[in-house]
Every structure is written in C-alpha cells, then in structure tokens.
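All remarks here apply to the structure that follows.
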Amino acid sequence: MALLTAAAMAFTTSANTTAEDGPRSSPEAAIKALMDGNKRYVANKATSENTPSARTALTETHEPIAAILRCSDARVAPEIVFDQPLGGLFIGAVAGNIVTPEVIASFEYAVGVLGAKAIVVMGHRHCGAVETAIEFRNKSDQLPGSLPMLIDQIIVPCALDTDPSDVATQEHEAVICNANKGVGQLLARSTMLAEAHKTGELTIIAGVQDLKTGRFTVTSE
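Everything in the sequence shown is counted per my numbering, starting at 8 for the first residue and increasing by one.
If you want it as structure tokens, here you go:
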C-alpha cells in the first residue's frame, strides 16, 4: 500500500515536471517518438546511441517515455525496433506478451514513479506462443511443464475458434487478438493505470511487429 501511495504521489509530481515539448510531455508525444523511431528502424536510419557517458548518467536515474510489454522471443527488441537509447523504455517480457500480476505491478511503478506516459502491448508475427495456442487448442494439457498455464491464457480469448490444422493462415489474427486483449486486462486489473488513462496522463495501446519488415503497426482502437 505504501508503494502504491508513493507511486501515485510521484506520478502527479512527474506529470508536472516533464519537459513541455519532449517525448515525456504527453502520451501522444511518447507514442509519436516510438512510431518515428520505428520508421527510422525500418528505413535502416536508426540514430540512437549508447555512449559511455550516457551509461554513467543512467546509474543515477532513468526516465522512460513508455513501458513495453513484449514477448520473450529473442527476435523482439523494443529499444532497437523503436530506435530508443538505454533508459528510454521500461520493458516487461513474458512469452506471448501475457499480462501477469508482476507485469501490472511493474508498470504501475513505471507510470507512477518513473513517469512513463504510455504503455504498449507489443505482439509480433510468427509468435511461438500464439502458434502453439492454435495448434494445441484442444490439448494444451499435453504440453510440458508450466506451458499449459501460459498457453491457456491465449487459447480462451483468441484461439477457441481457430483450426489447429491450419496455423499459418490464422496466426496473424490471433496475434492481433492476443495483443489487443492485453490493453483491456491492464485497465481492468489496475485501478491506478485505469485512473491515469481516464485522466489523460497515460495511454495504453497494442500493436504487432512484422518480423520480416520490422514495421510496428498499432492494432488497438
């Protein structure tokens, strides 16, 4: 409770001290910075640098413009895809970009204490977790270890009506569904994030990265 109270107070403070014209000035500015960075990445014109002097400064603090819930997939790297330097993004990673209690708490910290202005649920094409959810729609209990617990969270909202014999033609829509549902879950499960969203201090969006082109497309309405 003390952490949440402190976070809420810090959120109010950070909102009032953000540079007026920088990417942390508003949710819209934060999203624009991400999308502009993705355009540079796709065009092979990335500009972000991580110099030794910048690393030294980061030992004192970091001021991310956004929090990203990404899949654990090794092909998904938000700092690269959005062309942002170290300290620019607050990252949470779970296979299938699943919203968990730990992710929610981490993002409450990113928004409330660090002053992040946006949250992005970042799905990607050819996601192994989503493809597995389709393939094992009727038999997730046959998966090893703790995988059934994770995969079932994708099956129920996004793969129940899919055809397990035709993963390739169905994974894209399932990936979009899985990313979009994360937005609703964050808002429904966190009073703090929902309130910041309601007051306009925070935006939460979903989108999908195309692994072949690198392009990130917003999919949430």
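We treat Cβ as the ideally placed atom computed from N, Cα and C, and that holds for glycine.
Since the structure is predicted, the reported quantities are computational estimates derived from the model, not experimental observations.
Thinking just about the alpha-carbon of each residue, which of the options is nearest to the one in residue i?
i           : options               : result
residue 71  : 49, 54 and 127        : 127
residue 146 : 162, 40 and 133       : 162
residue 193 : 180, 178, 150 and 109 : 109
residue 63  : 226, 88, 175 and 94   : 94
residue 198 : 112, 81, 35 and 157   : 112
residue 211 : 33, 28 and 27         : 33
residue 224 : 36, 170, 42 and 35    : 42
residue 77  : 54, 55, 61 and 102    : 102
residue 220 : 157, 83, 180 and 158  : 83
residue 164 : 61, 55, 35 and 180    : 180
Any beta carbon of chain B sitting closer than 8 Å to that of residue i?
i           : result
residue 177 : Within the model displayed, chain B is absent; a lone protein chain is all it includes.
Check this for me: beta carbons of residue i and residue j, under 8 Å apart or not?
i           : j           : result
residue 123 : residue 38  : no
residue 115 : residue 209 : no
residue 48  : residue 98  : no
residue 57  : residue 92  : yes
residue 100 : residue 140 : no
residue 222 : residue 45  : yes
residue 203 : residue 118 : yes
residue 131 : residue 65  : no
residue 135 : residue 90  : no
residue 189 : residue 104 : yes
residue 178 : residue 228 : no
residue 176 : residue 144 : no
residue 69  : residue 121 : yes
Does DSSP put residue i in a helix, a strand or coil?
i           : result
residue 53  : coil
residue 99  : strand
residue 41  : helix
residue 226 : coil
residue 72  : coil
residue 47  : helix
residue 31  : coil
residue 77  : strand
residue 109 : helix
residue 65  : helix
residue 117 : helix
residue 59  : helix
residue 92  : coil
residue 123 : coil
Can you find the residues in the same chain that come closer than 6 Å, C-beta to C-beta, to residue i, ignoring five residues on each side of it along the sequence?
i           : result
residue 75  : 85, 96, 98, 127 and 129
residue 142 : 171 and 174
Taking 7 Å as the cut-off, does the CB of residue i come closer than this to any heavy atom belonging to the ligand FMN?
i           : result
residue 224 : Looking for the ligand FMN in the displayed structure turns up nothing, as the structure carries no ligands at all.
Starting from the C-beta of residue i, find all residues in its chain whose C-beta is less than 7 Å away, skip the five residues before and the five after it, and write them out in chain order.
i           : result
residue 226 : 183, 186, 187, 213, 214 and 215
residue 40  : 30 and 72
residue 53  : 47 and 90
residue 158 : 136, 139, 140, 143, 147 and 150
Identify every run of the alpha helix (DSSP H) within the region 126–156, keeping only runs that are complete inside it and at least 4 residues long; order them along the chain. Whole alpha helix (DSSP H) segments, 4+ residues: 135–142.
List, from N- to C-terminal side, the alpha helix (DSSP H) runs of 4 residues or more that fit wholly inside the region 148–224. 154–161, 174–196 and 198–205
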